[in-house]
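J.: Mind looking over this structure? Questions follow.
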Amino acid sequence: MLKKFPETKLAFQPGTFQMKMGRETLAAVYARADIFFCNKEEAERILGLPTGQDIKLLLTQIKALGPKIAVITDDKRGCYAIDEQGAMLHCPRYPDPKEPYEITGAGDALASTTVAALGLGQPLAEALRWGSANASAVLQEIGAQKGLLTRAQLEERLKNPPAEFLVEAF
1 MLKKFPETKL AFQPGTFQMK MGRETLAAVY ARADIFFCNK EEAERILGLP
51 TGQDIKLLLT QIKALGPKIA VITDDKRGCY AIDEQGAMLH CPRYPDPKEP
101 YEITGAGDAL ASTTVAALGL GQPLAEALRW GSANASAVLQ EIGAQKGLLT
151 RAQLEERLKN PPAEFLVEAF
């Protein structure tokens, strides 16, 4: 199916079922992905590595599977990305107004919002900011959808972000 529509953009965020299939089985999907998302523990599992790996190693090895861009979330540390040229970025987690209520859906919010921002023409660094800000909003509610911000709410939140909310190369 992927070969039939080569112009279609593909974002890939494997679930438990896909990870159990193994990276060899999904090699064509990894190779075809424009952007890939997972958390740090999932990256280690996909790559068959023990826990505690360096994030740069994980980004490099996930990108070697084929996606043009790879994004790995790392809980309170935010997310890390490697772009098409191999440049690495770190986006901190958007500062929470209060302790997170629940983490369900935060990674999905980050991934979907980042993809939406890229689709709207935002550069990767700004797209990661959008994703992080929306993920932070989801952390304040119960469930995966409650708390998701509209585009207008997201843009308002990012007008005057906290000083420490900067995407940086690393």
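Numbered by UniProt numbering, the letters in the sequence shown go through residues 1 to 170 in order.
Backbone N, C-alpha and C fix where the C-beta goes; we use that ideal spot for every residue, glycine too.
Quick caveat, the model's predicted, so the values are computed rather than measured.
Give every residue of the same chain whose Cβ lies closer than 6 Å to the Cβ of T113, excluding the five residues on either side of it in the sequence, and list them in chain order.
T.: W130, G131 and N134.
J.: Going by DSSP, what residue range makes up the beta strand (DSSP E) through F5?
T.: Here F5 belongs to no beta strand (DSSP E), and DSSP marks it neither H nor E.
J.: Tell me whether Y80 sits in a helix, a strand or coil according to DSSP, three-state version.
T.: In the structure shown, Y80 sits in a strand (DSSP, three-state: E or B).
J.: Name the residue from R32, T25 and I62 whose alpha carbon lies nearest to the alpha carbon of E41.
T.: The residue with the shortest Cα to Cα distance from E41 is I62.
J.: With three or more C-beta pairs closer than 8 Å as the rule, is the segment 150 to 162 touching the segment 78 to 85?
T.: Contact between the segment 78 to 85 and the segment 150 to 162 is absent, because fewer than three Cβ pairs lie under 8 Å.
J.: Whole alpha helix (DSSP H) runs in the segment 13 to 83 with 4 or more residues, listed along the chain?
T.: Listed in chain order, they are 16 to 21, 27 to 32, 40 to 47 and 55 to 64.
J.: A169 bridges to which residues according to DSSP?
T.: BP columns for A169 point to L89.
J.: Mark L166 as exposed unless 16 or more other C-beta atoms lie within 10 angstroms of its C-beta, in which case mark it buried.
T.: Looking at its Cβ environment, which holds fewer than 16 other Cβ atoms inside 10 Å, L166 is exposed.
J.: Where does A137 sit, in a helix, a strand or coil, going by DSSP?
T.: Residue state, collapsed to three classes: helix.
J.: When the Cα atoms are used, what is the spatial distance from G105 to L139?
T.: C-alpha separation (whole angstroms): 8 Å.
J.: Quick one: grab the DSSP three-state call for A163.
T.: Reduced to three states, the DSSP call for A163 is coil.
J.: Going by beta carbon distance, what residues of the same chain come within less than 6 Å of A111, once the five residues before and after it are set aside?
T.: Result list for A111: Q13 and F37, in chain order.
J.: Closest to A11 by C-alpha separation, out of F170, D34, L124 and G147, would be which residue?
T.: Minimum Cα distance to A11 is reached at D34.
J.: With L118 as the anchor, note down where its alpha helix (DSSP H) starts and where it stops.
T.: Per DSSP, L118 belongs to the alpha helix (DSSP H) from A106 to G119.
J.: Using the DSSP secondary-structure output, state which residues sit across from A11 in a beta bridge.
T.: DSSP lists I35 as partners of A11.
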